[in-house]
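Asks: The structure is given below, and queries will be raised subsequently.
Numbering (my numbering), first residue to last: 4 to 112.
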């Protein structure tokens, strides 16, 4: 028996556009708009080590309500916040106890 946690919609105040990027059959990079709306945006920076033991500085985090890209198993691309493009470093989709997606969390570099 699962429960669905209520999302705190009052925290969604920052308008952003989230783009998925990929390479098409011709080898050209393509950007596709995934989400346009308000999110919870935090500019807290931190440093993490990647798989190659390089130090990466993360510049912020975005939390969106629900699953913004159910058709994509992996989210790669960039985010436009206040007219500035910021690359997506890592994405996560935490789940509710009933198995549904609670939010989409994007760490930015």
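Idealized CB from N, CA, C, for every residue including glycine. Because the structure is a prediction, the values reported are computed rather than measured.
Quick one: grab the DSSP three-state call for residue 107.
Replies: Judged by DSSP in its simplified three-state form, residue 107 adopts strand.
Asks: Would DSSP call residue 17 helix, strand or coil?
Replies: In the structure shown, residue 17 adopts extended strand secondary structure according to DSSP, grouped into three states.
Asks: For residue 103 and residue 109, what's the separation of their Cα atoms in angstroms?
Replies: 18 Å
Asks: Closest by CA to residue 1, which one among 54, 89, 9?
Replies: In the structure as shown, the chain starts at 4 and stops at 112, and residue 1 therefore has no counterpart that could be examined.
Asks: I need the DSSP call for residue 7, collapsed to helix, strand or coil.
Replies: coil
Asks: Between 35, 16, 21, which has its C-alpha nearest residue 27's C-alpha?
Replies: Cα-wise, what sits closest to residue 27 is 35.
Asks: Can you tell me whether residue 64 is buried or exposed, with buried defined as 16 or more other CB within 10 angstroms of its CB?
Replies: When all chains shown are included, residue 64 counts as buried.
Asks: Going residue by residue through the segment 81 to 106, where are the continuous beta strand (DSSP E) segments of at least 3 residues, counting only ones entirely within it?
Replies: 87 to 95
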